[in-house]
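Shown next, in structure tokens, is the structure this report addresses.
2 protein chains.
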Amino acid sequence: MTTIKDVAKEVGVSVTTVSLVLNHKSVRVSQATRKKIFEVAKKLKYTPNFAARSLVSKESKTIGLIIPDIENAFFSSLFKSIEDYARSLGYMVLLMNNNDSHQTNIEVIDLLLSRHIDGLLLVISNETYLEKYQEEMKHLLLNLPIPLVMVDRVFDESFFNKVYFDNQLGGYLATKHLINHGHKKIACITGPKETKSSEKRLMGYYQAMNEANLTINKDILLEGDYHFDSGKKRMNELLDKDLTAVFAFNDLMAYGAIRSIHEVNKNVPKDYSLVGYDHFLIATMLDSQLDSIEQNSKILGEEACKILFSEIKHKTENLQDICLKPVLFRSGSVNI
Amino acid sequence: MTTIKDVAKEVGVSVTTVSLVLNHKSVRVSQATRKKIFEVAKKLKYTPNFAARSLVSKESKTIGLIIPDIENAFFSSLFKSIEDYARSLGYMVLLMNNNDSHQTNIEVIDLLLSRHIDGLLLVISNETYLEKYQEEMKHLLLNLPIPLVMVDRVFDESFFNKVYFDNQLGGYLATKHLINHGHKKIACITGPKETKSSEKRLMGYYQAMNEANLTINKDILLEGDYHFDSGKKRMNELLDKDLTAVFAFNDLMAYGAIRSIHEVNKNVPKDYSLVGYDHFLIATMLDSQLDSIEQNSKILGEEACKILFSEIKHKTENLQDICLKPVLFRSGSVNI
DNA sequence: ATGAAAGCGCTAACAT
DNA sequence: ATGTTAGCGCTTTCAT
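Protein chains in written order, with our numbering: chain A, 1 to 336; chain B, 1001 to 1336.
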């Protein structure tokens, strides 16, 4: 491996000069030596040693990104947007899954810290919302020695940077969409009730129902777990209830519901209208139709990066709270 | 940030001793000081500085993984398997997308090298198979200063480590499956003809057809590009041809074909039998059925890691060529 | 059983 | 316009 010394020796100048030139801080170096340095560096295939540079500069030019699961399309798309942004600034991204486990989340934060990342983008596990875990996480995050942005899943407290989607608005849009099409008896298949996203989406549902003066029947508000099977199971329970529409709190459960509906030879949207949440892009390809609330993960990633890199650069703490708006995507799963 | 010096001072020993103890190379240190060192390190929340350690050890404890696109389910699952394996050995993974662009691929290899990764797992872009690019890539890879394993998409040459699936076998299995169900006129929607995967899958098709003494009609062997739209378009062209079954070289195109079939009010498997490739897991949830060739990405990742970390550890070069077997997944899209 | 000291490759303050 | 030097935090050889 060729070092800065090798280049210096070959050119016949000091390492300082080489360093200065190669880092483009070379106002004071003559064009001639400058040109020569670039040439020799290229000839010798010199690449700066990152470790050495980090040791001096106290920057790793690396950020951490923790997400629940890269296999989830929403998060893989989020990663991509973040990776692009970071790379354009000369940063790399260390990606870790927490598998929606609080314990794993704690562990990977430690791992990343030991790598001396310059900043952290964090999507916490759903489990972390459980009361017994929240305090531990908040304590940990408040004592982080580096800038932090909570992404998508945030805490209420105002002492964290956060970028997230307005889940209540999403719930409202979905419900309103069904109401607009004449539905009055609208069931919900929610997420786990302790998750913020589910809580907020449900609030949106209430808001829309109340606004339209519709009565809410708690018998058709069932709790799911955001997985396919629970959507199917809950829909099964709803089949003999009195309702015409279902708001599933994510697309995976919505597809579970569709499966259940098909199994009794009924049809969407003829027998049941259905709205999901996530706008799982791949689904539109698979010849299935599902109206859904769409969250633009690219923008989510960009906003998170803006905040993080601004803090990294200016070392100022200027807490931000960015709430993004989801939109309704229509595809044909809602009928009167 | 507390350093090893701080710990040494607090305990009242030299940095050497602290380093030795904390790295468990402490055969020669007394139990007492040893215990104290651990205590103080914990109290002071000491974490070793990675950059400093790397500078000395010449290891970054980081590997690179380059894939075409993390949004592709096959690759996100591959990443997960690799990340797990690497983490269990104390390594981190720097993940980069090449977006199936040769140029980007070259760039990210450079970027990773400048980070002094200890090894590289590489899934090249399909574009790289073009003749004008192959030489450049081979030259680059042969001169890599670190261990390399080509994953999934490999070169024929024997001077690279490689782990991949037997695409010919996959093509054979898919075609044989259709033949076994009585089909004689079997169309193909292939990948781009310059890609190795497509070439091999087609060879498998020929092998199965020949074995069964079936005549091959080149009019129903159409080239796609592995995307949904091309599956739809090619199927459209096939609709008025004389055939009963289609082998699409990936699931995305298979779903495109299904869309096309549905649009003329025909049905799978009643009017056309269909086999895909990839066994796109999510699809099984979306109430769609598609027989498909399945490649276990977890095993792919593990085998790649085994080779890479063995080379990193032993610094021996012992070229390996691991060919994994795909399997047929049946789901109901094939009929007599 | 423990310490002193050199040096990894680089940056930057200070000289010249 | 260019060089000298200290030092970042750590590991490791060699003394004691």
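We treat Cβ as the ideally placed atom computed from N, Cα and C, and that holds for glycine. Computed from a prediction, not measured in an experiment: that's the story for all the values here.
Look at A/L120 here: in three-state DSSP terms it is strand. B/D1291: not part of any alpha helix (DSSP H); member of the beta strand (DSSP E) spanning 1291 to 1294, first to last residue. When DSSP states are grouped into helix, strand and coil, A/V21 belongs to the helix group. Taken in chain order, the complete beta strand (DSSP E) segments of 3 or more residues contained in the stretch 1141 to 1165 of chain B are 1148 to 1151, 1161 to 1165.
For the pair of segments examined, the stretch 110 to 123 of chain A was found to touch the stretch 60 to 78 of chain A: the number of CB pairs separated by less than 8 Å reaches three. B/M1096 is bridged by DSSP to B/I1066. The C-beta of A/F249 has 16 or more other C-beta atoms within 10 Å across all chains shown, which makes the residue buried. Between B/R1234 and chain A, the shortest Cβ-Cβ separation is not below 8 Å.
The bridge partners DSSP lists for B/S1273 are B/A1245. Boundaries of the beta strand (DSSP E) harbouring B/E1223: 1221 to 1223, taken from the DSSP string. As the crow flies, the alpha-carbon of B/F1038 is around 7 Å from that of B/L1022. Counted as a single uninterrupted DSSP element, the alpha helix (DSSP H) harbouring B/T1104 occupies residues 1102 to 1114. Sixteen is the threshold: when 16 or more other Cβ atoms of the shown chains lie within 10 Å of the Cβ of A/C305, as they do, the residue is buried. Around B/K1270, no beta-carbon contact reaches into chain A at under 9 Å, the shortest distance being about 16 Å. A straight-line Cα-Cα distance of about 32 Å links A/A254 and B/L1095.
Per DSSP, the continuous alpha helix (DSSP H) segment holding B/V1011 begins and ends at 1004 to 1011. In the three-state reduction of the DSSP assignment, B/A1187 falls in the strand class.
In the DSSP assignment, A/I261 falls within the alpha helix (DSSP H) that extends over 251 to 263.
In the DSSP annotation of this structure, A/I336 is not part of any alpha helix (DSSP H), being labelled neither H nor E. Listed in chain order, the non-local C-beta contacts of A/I312 below 6 Å within the same chain comprise D118, G119, P147, local neighbours out to five positions each way being set aside.
In the DSSP assignment, B/I1322 forms a beta bridge with B/V1163. Contacts with chain B at 8 Å (Cβ-Cβ) do not include A/R201. By the neighbour-count definition (other C-beta atoms within 10 Å, threshold 16), A/K241 is an exposed residue.
Contact note: A/M92 reaches chain B through L1094, R1115, using a C-beta cutoff of 7 Å and chain order.
Rounded to whole angstroms, the gap between the alpha carbons of A/P145 and A/T128 is 21 Å. Taken in chain order, the complete alpha helix (DSSP H) segments of 4 residues or longer contained in the stretch 29 to 91 of chain A are 31 to 43, 50 to 57, 73 to 88.
In this structure B/V1327 is not in contact with B/A1174, their Cβ atoms being roughly 11 Å apart against a cut-off of 8 Å. In this structure, A/N167 sits near A/K200, with a CB-CB distance shorter than 8 Å. Neighbourhood of B/E1071 in chain A, by CB distance below 8 Å: A73, S76, S77, K80, in chain order. A direct Cα-Cα distance of roughly 38 Å separates B/V1093 from B/R1259.
In the DSSP assignment, the residues bridged to A/L328 are A/I293.
Leaving aside the five residues that flank B/A1212 on each side, the residues in its chain whose CB is nearer than 6 Å to its CB run, in chain order, I1179. Here the alpha carbons of A/K315 and A/L324 stand approximately 25 Å from one another. DSSP, reduced to helix, strand and coil, places A/D229 within a helical segment of the structure shown.
Close to chain B, meaning a Cβ-Cβ distance shorter than 8 Å, are the following residues of the stretch 145 to 163 of chain A: P145. A Cβ of chain B is located within less than 8 Å of the beta carbon of A/S60.
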